[in-house]
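Residue numbers (our numbering): 196 to 364.
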């Protein structure tokens with residue numbers, strides 16, 4: 196019996212090729228590198244004697260549980276994902292995988308985003324989920340199109356400055 200639960204109903208099971216390869220590499224790293232390291236450290240901690248007051252043993256058991264939990268999730272999630280290959284037919288409109296520059300019409304700030312799957316979001320890199328309110332609002336828009344998105348700070352107006360499908364790391 197497993198405690199794995201499917202993603203929330205709104206989660207889209209789509210991913211870029213790079214994201215898919217990263218998840219597979221993470222799973223491989225967990226099983227073949229991290230888990231053996233932690234099991235070895237756990238065995239060493241267990242050999243120290245009384246486990247009830249052994250902080251190292253308790254820490255390693257917790258760490259092993261976290262590794263197993265993540266590996267179990269990835270083992271079930273990876274086969275469920277659909278890899279989006281290549282750019283769409285209309286490269287002038289915003290779709291999955293697009294790198295876009297947006298201007299916030301209220302503040303005048305510009306931001307670059309890449310629309311990716313929920314499993315590969317990264318705020319530091321500007322990678323937003325296709326399920327996010329901003330991505331949902333900008334889908335199918337073109338350069339110079341204005342649109343509004345309901346964000347946590349309230350409704351915000353944007354204009355699309357550029358749409359690009361080149362691979363960006």
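Beta carbons: idealized from backbone N, C-alpha and C, even for Gly. For clarity, every value in this text was computed on a predicted model and none was experimentally measured.
Given residue 262 as reference, the closest of 222, 343, 212, 359 once Cα atoms are compared: As a position in the chain shown, residue 262 is number 67, starting the count at 1. When each option's Cα is compared against that of residue 262, the closest is 222.
Residue from 358, 273, 300, 286 whose Cα sits closest to the Cα of residue 315: To locate residue 315, count along the chain shown from 1; it is residue 120. The candidate whose alpha carbon is nearest that of residue 315 is 273.
Can you tell me where the beta strand (DSSP E) with residue 357 in it begins and where it stops? Numbered from 1 along the chain shown, position 162 holds the residue referred to as residue 357. Per DSSP, residue 357 belongs to the beta strand (DSSP E) from 349-359.
Classify residue 330: buried if its beta carbon has 16 or more other beta carbons within 10 angstroms, exposed otherwise. The residue you call residue 330 lines up with position 135 of the chain shown. Classification of residue 330: buried, given that the 10 Å Cβ count is 16 or more.
Helix, strand or coil for residue 225 per DSSP? Taking the chain shown and counting its residues from 1, one reaches residue 225 at position 30. It is helical.
Are the beta-carbon atoms belonging to residue 311 and residue 302 less than 8 Å from one another? By 1-based counting over the chain shown, the position of residue 311 is 116. By 1-based counting over the chain shown, the position of residue 302 is 107. No. Outside cutoff.
Since residue 344 sits in a beta bridge, which residues does DSSP pair it with? By 1-based counting over the chain shown, the position of residue 344 is 149. Beta-bridge pairing links residue 344 to 351.
Return the first residue and the last residue of the alpha helix (DSSP H) that residue 255 is part of. For the purposes of this step, residue 255 is identified with residue 60 of the chain shown, where counting begins at 1. 250-275 is the span of the alpha helix (DSSP H), which, as asked, contains residue 255.
Close Cβ partners of residue 215 (< 7 Å) along its chain, the five nearest in sequence each way excluded: In the chain shown, counting from the first residue as 1, residue 215 sits at position 20. Result list for residue 215: 276, 278, in chain order.
From which residue to which residue does the alpha helix (DSSP H) around residue 333 run? In the chain shown, counting from the first residue as 1, residue 333 sits at position 138. It spans 328-333 - the alpha helix (DSSP H) in which residue 333 sits, taken as one unbroken run.
Between which two residues does the beta strand (DSSP E) harbouring residue 237 extend? Here residue 237 is taken as the residue at index 42 of the chain shown, counted from 1. Looking at the DSSP string, residue 237 is not in any beta strand (DSSP E); the run it does join, the alpha helix (DSSP H), is 230-241.
In the DSSP output, which residue or residues are listed as bridge partners for residue 175? For residue 175 there is no data in the structure shown, the boundaries of the chain being 196 and 364.
Closer than 6 Å by C-beta to residue 308: which residues in its own chain qualify, once you throw out the five before and the five after it? Chain order, please. Numbered from 1 along the chain shown, position 113 holds the residue referred to as residue 308. Here the set comprises 295, 321, 323.
So, are the CB atoms of residue 328 and residue 206 less than 8 Å apart? Counting from 1 along the chain shown, the entry for residue 328 is found at position 133. Counting from 1 along the chain shown, the entry for residue 206 is found at position 11. It is not a contact, given that the beta carbons lie outside the stated cut-off.
Spatial distance of residue 290 from residue 241 (CA atoms): By 1-based counting over the chain shown, the position of residue 290 is 95. By 1-based counting over the chain shown, the position of residue 241 is 46. Their Cα atoms are separated by approximately 52 Å.
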